[in-house]
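>
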Amino acid sequence: MSKPNPFLSLEFSILLPPTHFFLDPTPLSHTDFSFFTFKKSEVECLIRLFHSLVERANVRLNNFGLDRNAFRAILHSVFGMTDDMLMNRVFFAFDKDNDNCINAKEWVKGLSVFLRGTFEEKLKFCFEVYYLNGDGYISQEEIFDMLKNSLHQQSSEEETDEGIRELVDITLKKMDYDNDGKISFADFEKAVKEDKLLLEVFGPCLPEAKVECQQLKLVKGTF
Amino acid sequence: MGVALTRSAQWTAAGYGTRTLEITPLNEVILKEIVMFVESFIYKHPQEAKYVFVEPLEWKTNLDPSAFESGYIVSETTVKSEEVDKDGQPLLFLSVPHIKIRSLGQLSRLLLIAKDRKLKEAQACIEANRDPVTKILGLDYNTVKEDTSTVNILDKITKDEDPESEIKMKVGMLLKQLDLHLLNHSLKHISLQICLNPTTVKNDIELLKHFSGKGEQTVLESIDYTSDYEFSNGCRAPPWRQIHGEICYVLVKPHDVETLCVTCSTEGVFLNGGKTEDEGEINYERKSEIYKDLVTFLKEKSAKFSENMSKQRKREERKKERKEKEKKKREKKKNEKKKREKKKRKKKKGEKKKGVGEGNKSKSKTKQNKTKQKRTTGEYLLILCTLSPLASPGSCPKSAEKIEEILSDSSSENEEDEEPPDRRQEANADLPSEYWQIQKLVKYLKGGNQTATVIALRSMKDFNLAQETCQLAIRDVGGLEVLINLLDTDEVKCKIGSLKILKEISHNPQIRRNIVDLGGLPVMVNILDSPHKSLKCLAAETIANVAKFRRARRAVRHHGGITKLVALLDCAQSSAKPAQSSLYDARDVEVARCGALALWSCSKSNANKEAIRQAGGIPLLAHLLKTSHENMLIPVVGTLQECASEENYRAAIKAERIIENLVKNLNSENEQLQEQCAMAIYQCAEDKETRDLVRLHGGLKPLASLLNNTDNKERLAAVTGAIWKCSISKENATKFREYEAIETLVGLLTDQPEEVLVNVVGALGECCQEYENRVLVRKCGGLQPLVNLLVGINQTLLVNVTKAVGACAVEPESMMIIDRLDGVRLLWSLLKNPHPDVKASAAWALCPCIQNAKDAGEMVRCLVGGLELIVNLLKSDNKEVLASVCAVITNIAKDQENLAVITDHGVNNDKLRRHLAEAISRCCMWGRNRVAFGEYKAVAPLVRYLKSNDLSEDVDNCITIHENGNGAVKLLLGMIGSSDHDLQEAAAGCISNIRRLALAIDKARYT
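Here it is in structure tokens:
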């Protein structure tokens, strides 16, 4: 899934405007590129993309950021995510400085994990998405919240609830190695390393592998 | 429960008295469900449990009053419940053995009291109360029964408005629910059964026709339809009978019974009333039990049929043609299956009562419907509602289709082609806790979104999937369907999770078949195109597991799987560029490995071998062979090894320089790899050039050294096989001596399985063509075990042993030993072996024996009946046998006395001579035999013999000799040049006779 996509750089190089035309309003220096798995040219392109998205979305509030709604719209249209709650969580995971808006740096950083992230990075990202109350653990209640829409309505509400509770139990049994009733990062890491299928165990929060390949074309289409 | 009870429960068909429930799995399931429902009723619905029945349920119980405890007033013969109705009557009243119960609560408690006898009680209760619903709710509710809508009940109940009727309504609803539940259950049960259809019946009849006719050997005298007209649906029965599920009527005349008029229906096969004398109408009434198909029926009716059927099988076995083989196979399969089926049925049914009326037929109709396609539950219920009590066998005709499938397949190997009996979990067996857990997970699989599905899949994987209970549990709760459906979605994660489970459980042969039946293979084949490597790998691995039987292999091919699998092999090659990082390399290698694994499984079918070749698989396999990953090499070599049975593969293997790599891998540490490599060499070394290549690449030494490890029998068989084939080349045989393989081989002559022995003896036979090796074998004491092996029964082994003994007998010194060990007599007795190959081989081996024995004449004469036996063999129509026997006779004929005996044995001389001449001429038609004659120096004595009896003066003989043209004449001409005067004279005389005759013929033609 994490195979480098030869088209990726190609796409971006097509997107790339002449360098003199490129005006960078953000304080990103060249050294910053080392943070990312993207090439310099790719980063430049992502930034350009970011600005066009910001412009398109809403310029009124602030010039340099995407607010939650705009970001969710992008997640939905580009990355095919549907779950509102998870999209919010992804937004918060992107929004490192908690100012309720994603700036260019956060955007590039987030996308670097999204598109080119190593397994470790993705692991960390997913965990960040799943735990939100800040205590560094995914609690039973949080799991329940995340899974509550995962079963189609059964004959009765009770039954559905019971099913979900069961699913929560299953995941806890599977992932809670230290048996403290919640999932720590260590638990999460261990479980996911054992089976990569568990990476997005509580709901999709990464682009699908195939979307990963296609979405750049989609992004191009949004211009 | 009303509908379910009357419709789907299988009642015995006794027309009088109380009917009893048959002990069938279906009934048992229904009973269990009812018991479960009633038992839990008191807890789940305490309110409704108090509802007092309109009429009590009464039956004869086996319970003892003493079993009742608190809550009951117990006397010696009676029990009253403390719970009473508003009139003060007890709700349970037992007066041994009659019991009356008037509330569900009491029923519940009774079942609890009954403990392990509760099934019996429930059965007794239901048998005594054929319409429990009416008794519980009153007659007016019963009338509602026919239309299943609950609305009607509601209407009914809301009319009366007192609170009691509300409870009544609830009870009614609950019973309705149970009823529905039961129906669903029985539906599941019935839909598992597949029945006869026109095609299968037709095939059966065609097949039997094929083996019918006059004479003792046929299975039947005749078999014919009563009607020549076939409806478009394949039935021959008139339409008004087709309604009853009848397909056609057949007149069968077995050898030992008078003509039977048989009805073939979807239900099975049974004897009908026969054709009426006057109008030729058929009396459709059933006169016999129903059999699951025609063959079973006939086996039961005609002893001769079953006897000849098995004979037919044996005879067929001898036929070489593949087609014939196939036919036999289906015969065999069917019979076996039938036997099994019959046993099962007999056990189950005990003495089944006869005489079913309409019930049977209407059921068969519904079953026919069911086999057709999926239906909505509503439709199913409608069908079920038309059911009436029936007495058909509980275990219904098992898939005739399955048999069909086996037949049409063609493949060389038959491991696992046996259809394993389909074991569903027995209804009465205690289900393990895993079962329920898995059932729950499958529910989440069905009703969950991607996230829930992944969690459920992941959790399912944590079960011990290698354990059969889990494997079958997944299937039995309908998990296989879901897993396969998941493969059709876009969700990569679900697909991966599902494949991981399928991969594990497909180790189970039954599951494999289920997967194929559910159409899992095409989906998996499609996944092979996926851009995800891990998906590809999993799909290929699963295919490798599933494609262990023919039908699956064929399915893979038909869906283009072979091409795709071959394409997987390409992965490793294209990414082998240095630019790629090693991580991705490893992944590509893994893909290729899985592809090879799947191809290995598939390559056991001949058609697939060809498909692999056409898809360009050979160069790819050759390329992969250069890698050093053991786990990659095993499937690759395995595939090559399977395929090397085909001529064009062997050529390609030679051309692709594969031998070199095979030899290299012989030196690997991995036993399985060594085995596969040796197998591949064994297959390929039929060809001289290949044998030389093996030697040139230094393959003989590792082969020889592998001989020393005798623990792994499979590998040993492969290695000895390779040695055998390689030693056909003289140079190789010499090399083997250098590597001291001969001694080891001799050591392997004892205490080895037959597969190994065949090869060991074969190898010795080849090696002993050389003088030094012969000496060596003798010195190592190899003769004794060899001669001992002459008494075996394995045909291939005997052919090889005789050859080896013959090769050894060339040495006079060895011959002495053989003679002392009674080897000649043993060889001679093999002339009576039914297999012509063995006969011929034994006869060839006798030639050197007779030549080299000290007093051959005496030795031969000592064998009682020996000469007669050999003369009789001259009548054989197998060329190889004839050639060898002639050679033997010529050798025997060197001894005057024996010659006289032989002559005596001929009914008269002329006849013998004619045989001989014929034999010679026939054999000479075949080039190799002529050479053989030459080799064995058979010609000279033969010609001398001919001369001495003035054979060639016999016109017929001249013609026969002349007819084979060049052969004999050329040899005769050659003989004129011999230094032996007598021989010269004889040969010349022969030729002159032949010429004279030829001239006479020519003259006759022109005048």
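First to last, the protein sequences are chains A and B. If you read the first sequence in full-length UniProt numbering, its first letter stands for residue 1, the second for the next number, and so on. If you read the second sequence in full-length UniProt numbering, its first letter stands for residue 1, the second for the next number, and so on. Glycine included, every Cβ here is placed at the ideal spot set by N, Cα and C.
#1: Here's the rule I'm using: 16 or more other beta-carbon atoms within 10 Å means buried, otherwise exposed. How should LYS735 of chain B be labelled?
#2: For LEU151 of chain A, which three-state DSSP category applies?
#3: Of all the CB atoms in chain B, is at least one closer than 8 Å to the CB of GLY203 of chain A?
#4: Please report the straight-line C-alpha distance between GLY617 of chain B and TRP600 of chain B, rounded to a whole angstrom.
#5: Leaving aside the five residues before and after VAL74 of chain B along the sequence, list all residues of the same chain whose C-beta is less than 6 Å from its C-beta, in chain order.
#6: Note the first and the last residue of the continuous beta strand (DSSP E) segment covering ASP224 of chain B.
#7: ALA596 of chain B touches chain A at which residues, Cβ-Cβ below 7 Å?
#8: In three-state DSSP terms, what is GLU120 of chain A?
#9: Counting Cβ pairs closer than 8 Å, one from the stretch 200–209 of chain A and one from the stretch 113–125 of chain A, do we hit at least three?
#10: If you drop the 5 nearest sequence neighbours on each side, which residues of the same chain put their C-beta closer than 6 Å to that of ILE817 of chain B?
#11: So which residues of chain B does LEU75 of chain A contact, with C-beta pairs closer than 8 Å?
#12: With a threshold of 8 Å, are at least 3 pairs of Cβ atoms found where one atom belongs to the stretch 692–704 of chain B and the other to the stretch 655–670 of chain B?
#13: Between the stretch 648–659 of chain B and the stretch 667–677 of chain B, can you find at least three pairs of beta-carbon atoms closer than 8 Å?
#14: Quick one: is LEU465 of chain B buried, meaning 16 or more other Cβ sit within 10 Å of its Cβ, or exposed?
#15: For LYS193 of chain A, would you say it is in contact with chain B, using Cβ-to-Cβ distances shorter than 8 Å as the test?
#16: Just how far apart, CA to CA, sit VAL123 of chain B and HIS98 of chain B?
#17: Beta-carbon of ILE138 of chain A versus every beta-carbon of chain B: anything under 8 Å?
#18: Measuring alpha carbon to alpha carbon, tell me which residue in B:ALA567, B:CYS537, B:VAL525 is nearest ALA555 of chain B.
#19: Kindly say whether LYS174 of chain A, judged by its beta-carbon, lies nearer than 8 Å to any beta-carbon of chain B.
#20: Name, please, each residue of chain B whose Cβ falls closer than 8 Å to the Cβ of GLU166 of chain A.
#21: Using a beta-carbon distance below 8 Å, is THR171 of chain A in contact with chain B?
#22: Distance check for GLY80 of chain A and SER40 of chain B, CA to CA, integer angstroms please.
#23: Taking the beta carbon of ARG820 of chain B as the centre, do at least 16 other beta carbons fall within 10 Å, making it buried, or is it exposed?
#24: Check whether chain B comes within 8 Å of LEU123 of chain A, counting only Cβ atoms and requiring the distance to be less than that.
#25: Does the CB of PHE22 of chain A have a neighbour CB from chain B at under 8 Å?
#26: Under a CB-based cut-off of 8 Å, is LEU15 of chain A close to chain B?
#27: So what's CYS205 of chain A in DSSP terms, helix, strand or just coil?
#28: Measuring CA to CA, which of A:LEU197, A:TRP107, A:GLY181, A:GLU162 is closest to ILE138 of chain A?
#29: Taking the beta carbon of SER534 of chain B as the centre, do at least 16 other beta carbons fall within 10 Å, making it buried, or is it exposed?
#30: Could you check which residue in B:ASN833, B:TYR771, B:PRO836 has the C-alpha nearest to that of ALA804 of chain B?
#31: Under 6 Å Cβ to Cβ from CYS602 of chain B, same chain only, skipping five residues before and after it: list those, please.
#32: Please list the residues of the stretch 455–486 of chain B that have a C-beta atom closer than 9 Å to any C-beta atom in chain A, keeping them in chain order.
#33: Does the stretch 291–300 of chain B come close enough to the stretch 262–278 of chain B that 3 or more CB-CB pairs lie under 8 Å?
#34: Would you identify the three-state DSSP class for THR263 of chain B, choosing helix, strand or coil?
#35: Going along the chain, which residues of its own chain have a beta-carbon closer than 7 Å to the beta-carbon of VAL787 of chain B, five neighbours each way excluded?
#36: What does the alpha-carbon distance come out to for the pair PHE92 of chain A and LEU620 of chain B?
On the basis of the coordinates in this document:
#1: Position 735 of the second sequence, counted from the first residue, corresponds to residue 735 of chain B. LYS735 of chain B comes out buried.
#2: Counting from one through the first sequence, the residue named residue 151 of chain A turns up at place 151. Three-state result, LEU151 of chain A: strand.
#3: Mapped onto the first sequence, residue 203 of chain A falls at position 203. It does; some Cβ of chain B falls within 8 Å.
#4: Within the second sequence, the letter at position 617 stands for residue 617 of chain B. Within the second sequence, the letter at position 600 stands for residue 600 of chain B. Cα to Cα, the separation comes out at about 12 Å.
#5: Walking along the second sequence from the start, residue 74 of chain B turns up at place 74. Only PRO65, PHE68 meet the Cβ criterion.
#6: Here residue 224 of chain B corresponds to residue number 224 of the second sequence, with the count starting at 1. Note, ASP224 of chain B: beta strand (DSSP E), 222–225.
#7: Here the question's residue 596 of chain B lines up with position 596 in the second sequence. Here the premise fails: no neighbours, minimum Cβ distance about 22 Å.
#8: Your numbering for residue 120 of chain A matches position 120 in the first sequence. Residue state, collapsed to three classes: helix.
#9: yes
#10: The residue given as residue 817 of chain B occupies position 817 in the second sequence. Excluding positions up to five away in sequence, the list reads LEU783.
#11: The residue you call residue 75 of chain A lines up with position 75 of the first sequence. Chain B residues near LEU75 of chain A: none, gap ~16 Å exceeds 8 Å.
#12: yes
#13: no
#14: The residue you call residue 465 of chain B lines up with position 465 of the second sequence. Result: buried.
#15: Numbered from 1 along the first sequence, position 193 holds the residue referred to as residue 193 of chain A. No - not a single Cβ of chain B is within 8 Å of the one on LYS193 of chain A.
#16: By one-based count along the second sequence, residue 123 of chain B stands at place 123. By one-based count along the second sequence, residue 98 of chain B stands at place 98. For clarity, residue 123 of chain B is Gln in the given sequence; the question names Val instead. If I take the Cα positions, the gap works out to 15 Å.
#17: Locating residue 138 of chain A in the first sequence gives position 138, where the first residue counts as 1. Among the CB atoms of chain B, none fall inside 8 Å of the CB of ILE138 of chain A.
#18: Locating residue 555 of chain B in the second sequence gives position 555, counting from the first residue. Nearest option by C-alpha distance: B:VAL525.
#19: By one-based count along the first sequence, residue 174 of chain A stands at place 174. At least one chain B Cβ lies under 8 Å of LYS174 of chain A.
#20: Position 166 of the first sequence, counting from 1, holds the residue named residue 166 of chain A. Going along chain B in sequence order, the residues near GLU166 of chain A (Cβ under 8 Å) are LYS440, TYR444.
#21: Indexing the first sequence from 1 puts residue 171 of chain A at position 171. By this cut-off, THR171 of chain A is an interface position.
#22: By one-based count along the second sequence, residue 40 of chain B stands at place 40. By one-based count along the first sequence, residue 80 of chain A stands at place 80. Going by the C-alpha atoms only, they are around 47 Å apart.
#23: By one-based count along the second sequence, residue 820 of chain B stands at place 820. So ARG820 of chain B ends up on the exposed side.
#24: Position 123 of the first sequence, counted from the start, is the residue given in the question as residue 123 of chain A. With 8 Å as the cut-off, LEU123 of chain A does not count as an interface residue toward chain B.
#25: Numbered from its first residue, the first sequence carries residue 22 of chain A at position 22. Model confidence at PHE22 of chain A stands at a pLDDT of 34, short of 50, so the residue's coordinates are unreliable and nothing is read from them.
#26: Numbered from its first residue, the first sequence carries residue 15 of chain A at position 15. Residue confidence is low: LEU15 of chain A scores 37 on pLDDT, short of 50, so the model does not pin down where it sits. Its coordinate-derived value is still stated next. Taking Cβ atoms only, chain B never reaches closer than 8 Å to LEU15 of chain A, which makes this a no.
#27: Sequence index remark: in the first sequence, residue 205 of chain A carries index 205 (1-based). Coil at CYS205 of chain A, not helix or strand.
#28: If you number the first sequence from 1, residue 138 of chain A lands on position 138. Residue A:GLY181 is the option with its Cα nearest to ILE138 of chain A.
#29: The count along the second sequence starts at 1 and reaches residue 534 of chain B at position 534. Its Cβ being crowded by 16 or more others within 10 Å, SER534 of chain B is buried.
#30: Position 804 of the second sequence, counted from the start, is the residue given in the question as residue 804 of chain B. With distances taken between Cα atoms, ALA804 of chain B lies closest to B:TYR771.
#31: Against the second sequence, residue 602 of chain B aligns to sequence position 602. Cβ within range, chain order: ALA547, ARG553, VAL556, ASN608.
#32: ILE455, ALA456, LEU457, ARG458, SER459, LYS461, ASP462
#33: yes
#34: Position 263 of the second sequence holds residue 263 of chain B. If DSSP states are grouped into helix, strand and coil, THR263 of chain B belongs with the strands.
#35: Here residue 787 of chain B is taken as the residue at index 787 of the second sequence, counted from 1. Excluding residues within five positions, the ones whose Cβ falls inside 7 Å are VAL805, ILE818, LEU821, GLY823, LEU826.
#36: Within the first sequence, residue 92 of chain A is the residue found at index 92, counting from 1. Within the second sequence, residue 620 of chain B is the residue found at index 620, counting from 1. Taking the straight line joining both Cα atoms gives about 50 Å.
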